[in-house]
Amino acid sequence: MAAIMLLGVFFVSGKLFPHCKDNICALASCPEHAQPLVTTPQEMEALSGSCLQIPCNFSINAEETFDRTGPTSGLWIKSDYYYIFGSKVVFNGNMMENIYPMSLTGDLSQNDCSTLFSSVITSYTGSYLFRIDNRRRMETCDPLQIKVKDSPPSPTIEIPGDLKEAESVTVTCSAPAPCPHSPPKLTWTLQQDPPNTMEENPDRTFTTKIQKTLILTDQHDGFNITCSASYPVNQGKDVKTAEETKTLHVSYAPKDVTVVVSPADPVSVGSVVNLTCSCRGIRAADGFAWLMMMSDGRLHTMGDNTQLYVFEVTNSDRGRSYFCGCSNVLGLQLSKGRALIFEGDHETVDGHLILKMLGIIMLVSTLVIFECWFRSRRSSKPEKDAAEAEYLNRVTNILSHKEEGRRSVHFY
Numbered sequence: 001m002a003a004i005m006l007l008g009v010f011f012v013s014g015k016l017f018p019h020c021k022d023n024i025c026a027l028a029s030c031p032e033h034a035q036p037l038v039t040t041p042q043e044m045e046a047l048s049g050s051c052l053q054i055p056c057n058f059s060i061n062a063e064e065t066f067d068r069t070g071p072t073s074g075l076w077i078k079s080d081y082y083y084i085f086g087s088k089v090v091f092n093g094n095m096m097e098n099i100y101p102m103s104l105t106g107d108l109s110q111n112d113c114s115t116l117f118s119s120v121i122t123s124y125t126g127s128y129l130f131r132i133d134n135r136r137r138m139e140t141c142d143p144l145q146i147k148v149k150d151s152p153p154s155p156t157i158e159i160p161g162d163l164k165e166a167e168s169v170t171v172t173c174s175a176p177a178p179c180p181h182s183p184p185k186l187t188w189t190l191q192q193d194p195p196n197t198m199e200e201n202p203d204r205t206f207t208t209k210i211q212k213t214l215i216l217t218d219q220h221d222g223f224n225i226t227c228s229a230s231y232p233v234n235q236g237k238d239v240k241t242a243e244e245t246k247t248l249h250v251s252y253a254p255k256d257v258t259v260v261v262s263p264a265d266p267v268s269v270g271s272v273v274n275l276t277c278s279c280r281g282i283r284a285a286d287g288f289a290w291l292m293m294m295s296d297g298r299l300h301t302m303g304d305n306t307q308l309y310v311f312e313v314t315n316s317d318r319g320r321s322y323f324c325g326c327s328n329v330l331g332l333q334l335s336k337g338r339a340l341i342f343e344g345d346h347e348t349v350d351g352h353l354i355l356k357m358l359g360i361i362m363l364v365s366t367l368v369i370f371e372c373w374f375r376s377r378r379s380s381k382p383e384k385d386a387a388e389a390e391y392l393n394r395v396t397n398i399l400s401h402k403e404e405g406r407r408s409v410h411f412y
């Protein structure tokens with residue numbers, strides 16, 4: 001008892017064991033002679049209700065003896081620290097029943113200690129150590145940190161940087177598959193029912209992926225890509241879903257270039273007019289240019305290379321057309337010409353429009369009248385033909401009677 005109390009004092013003070021806390025001690029690092037050397041991911045994340053495939057292998061120092069023909073068992077020990085007075089064995093390969101639902105899927109004779117952790121729950125979160133019993137106990141000090149969460153991890157969308165119009169890019173969405181026997185199903189807004197593929201990572205864990213190759217256009221700029229990962233849990237009875245959204249940012253040559261006049265037409269001599277060069281696909285470092293076509297057809301370059309051009313209207317601006325151009329590293333596009341409408345000009349324009357409309361109405365009316373006359377002619381023609389036929393019959397009958405009278409007179 002005295003010895004135990006003395007050890008307790010040392011544990012609390014931490015002077016004898018500098019890595020001890022609350023009567024339990026942790027190894028800060030593995031000594032060089034630690035056996036066996038187990039290789040697993042340092043951390044793994046699992047989803048409650050699903051399983052966790054733990055990739056594991058070990059190596060034995062040449063100085064140690066490992067009987068590959070004799071009985072060998074693998075054990076998993078759960079502890080955040082090494083307990084001086086014992087540890088919690090949650091799985092023993094030689095036992096028919098274990099505390100945790102684990103099973104060795106690897107062949108220990110081939111230094112493979114891979115393990116399947118079935119139907120995990122959040123209380124299984126912790127630090128795990130692997131131990132081998134083979135004539136002598138060999139225990140590793142390299143812990144595996146397992147975190148079991150109720151919510152699945154969000155998928156990852158990978159988009160190449162510096163997207164440009166007309167380029168071909170491949171967009172990828174991936175999600176970890178801690179339970180390869182029941183991997184997540186990925187879907188996204190880029191296509192319906194994309195084919196899912198599962199790849200093995202260098203650390204022997206697995207990832208589910210979907211990919212889509214795009215030929216970029218200006219319509220892809222600002223397009224939101226949403227990818228969803230659906231994880232089956234509770235033996236496929238339920239599904240837990242997580243999603244991620246990213247936006248495409250595509251650089252493209254200027255589109256839809258127009259000259260916008262403000263205040264709106266009509267303008268008057270002496271007024272100040274603002275011409276704005278409006279276009280899509282413009283970034284901060286892009287440029288603008290202004291051109292003016294004179295009434296005689298000559299082009300004149302205007303000095304300002306800004307998006308806004310301001311000037312005072314004069315009589316000489318009548319008949320002139322203004323053009324603007326937007327440029328960036330991917331191209332240049334010019335607008336159509338924009339002429340100013342002066343006060344009074346719009347009335348003339350309205351008069352011309354009215355005359356044109358009246359002319360169209362008169363033409364349509366004439367066509368309608370002609371059509372009606374033509375149809376009436378066609379409908380009355382059969383009656384006329386019948387009357388003419390009856391008239392001819394009557395004339396024929398009269399002539400025939402006269403001829404018979406003549407013959408009878410001559411006979412007598």
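Heads up, the sequence shown is in full-length UniProt numbering, so the first residue is 1 and it goes up one at a time.
Heads up, the beta-carbon is just placed ideally off N, CA and C, and yes, glycines get one too.
Opposite residue i in the DSSP bridges: which residues?
i, result
"Y128", "K78 and L144"
"M44", "I146"
"Y309", "L275"
"S119", "Bridge partners of S119: none, in fact."
"N328", "G331"
"M292", "H300 and Y322"
"S228", "T187 and E243"
"F342", "V267"
"M95", "DSSP, once it has assigned bridges, lists no residue as partnering M95."
"K88", "K78"
"S73", "D133"
Which of the three DSSP states is assigned to residue i in this structure?
i, result
"D218", "helix"
"L37", "strand"
"D107", "coil"
"S315", "Checking the displayed sequence, the identity of residue 315 turns out to be Asn instead of Ser. Correct three-state label for N315: helix."
"I60", "coil"
"L52", "strand"
Can you list, in chain order, the residues of its chain whose CB lies under 8 Å from that of residue i, leaving out five sequence neighbours each side?
i, result
"D296", "none"
"Q191", "K212"
"H300", "L291, M292, M293 and M294"
"T306", "F288"
"S268", "V313, F342 and E343"
"T125", "I146, K147 and V148"
Could you pull out every residue in the same chain whose Cβ sits closer than 6 Å to the Cβ of residue i, ignoring the five residues on either side in sequence?
i, result
"P152", "L47, Y231, K240 and A242"
"L38", "Here residue 38 turns out to be Val, not Leu, going by the sequence shown. Cβ neighbours of V38 beyond the five flanking positions: F58, F130, T140 and D142."
"S174", "T156, T207 and K209"
"P101", "S118 and S119"
"S335", "V257, T258, V259, F323 and C324"
"T105", "S114 and L116"
"E45", "K147"
"Q145", "E43 and S127"
"G319", "S295"
"Y309", "L275 and W290"
"D150", "S48"
"V349", "Note that V349 scores a pLDDT of 47, beneath 50, so its modelled location is shaky; the value from the coordinates is reported in the next line. Nothing listed; no residue qualifies."
"A229", "P155, A175, P184, L186 and A242"
Take residue i and list the residues in its own chain whose beta-carbon comes closer than 7 Å to its own, dropping the five residues that flank it on each side.
i, result
"P143", "S127, Y128 and L129"
"D203", "P41 and P55"
"L216", "L163, K164, E165, A166, E167, V169 and V250"
"P71", "none"
"N98", "V90, F91 and N92"
"N201", "T207"
"L330", "K164, E165, S251, Y252 and A253"
"K237", "none"
Going by beta-carbon coordinates alone, are residue i and residue j separated by less than 9 Å?
i, j, result
"F323", "P266", "no"
"T122", "W76", "no"
"P254", "D221", "no"
"G344", "V313", "no"
"residue 414", "G281", "Residue 414 falls outside the range modelled here, since the chain spans only 1 to 412, and no answer is possible."
"C277", "C227", "no"
"L340", "V272", "no"
"S50", "V171", "no"
"I132", "L248", "no"
"L186", "P194", "yes"
"S316", "G337", "no"
"E244", "S154", "yes"
"L52", "P178", "yes"
"T205", "P176", "yes"
"Q333", "C279", "yes"
Report yes if the C-beta of residue i is less than 8 Å from at least one heavy atom of the ligand COA; otherwise report no.
i, result
"I146", "Of the ligands one can find in the structure shown there are none, so the ligand COA has no counterpart to examine."
For this session: Write down every uninterrupted run of the beta strand (DSSP E) in the region 147-219 whose length is 3 residues or greater and which is fully enclosed by it, in chain order.
Result: Segments of the beta strand (DSSP E) lying fully in the region 147-219: 156-158, 168-176, 185-188, 197-200 and 206-215.
Exercise. Can you give, in chain order, each stretch of the beta strand (DSSP E) that sits fully within the region 239-288 and has at least 3 residues?
Worked result: The qualifying runs are 255-262 and 272-280.
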